[in-house]
Amino acid sequence: MKESNQRWCSDGFEFRCDNGEKLRVTFALDCCDREALHWAVTTGGFNSETVQDVMLGAVERRFGNELPASPVEWLTDNGSCYRANETRQFARMLGLEPKSTAGAESGE
């Protein structure tokens, strides 16, 4: 990407703390400048609501109370929380265009 705010990506990872507790992080990055736009951390699993919170936080960080003037690609893997209809609808309401990595069941 040559400019920021054209494509963002989102994923998650897990790590174990010294006390044995697992932390799961869901995040959004700008694919141009690689800025971490927003993230959520939990000791439980993450779901479509978590992803939607990260989406909203990312849009607010970059655009304040406005929506993007043109759609921003929202690139993710094929996890169920990203493929959920309510997540995809919410993304579009925020000016994000959901896209999945190659091999997506949705055909994108």
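Each residue of the sequence shown is one higher than the one before, starting from 1 at the first, in full-length UniProt numbering.
Just so it is clear, CB atoms sit at the ideal spot from N, CA and C, and this is done for glycine as well.
Beta-bridge pairing of residue i - partner residues as DSSP gives them
i	result
Arg16	Lys22
Lys99	Leu75
Val41	Val25
Asp30	Trp8
Ala36	Leu29
For residue j and residue i, believed in contact at Cβ under 8 Å, the rounded distance
i	j	result
Asp11	Thr76	7 Å
Per-residue burial, residue i [other beta carbons within 10 Å of its own, 16 or more giving buried]
i	result
Thr26	buried
Ser106	For Ser106, the predicted model reports a pLDDT of 45, less than 50, meaning its position is unreliable; a value from the coordinates is still stated below. Exposed, by the Cβ-count rule.
Thr50	buried
Asn5	buried
Cys17	exposed
Segment contact flag, the stretch 57-67 with the stretch 32-39, C-beta cutoff 8 Å, min 3 pairs: yes
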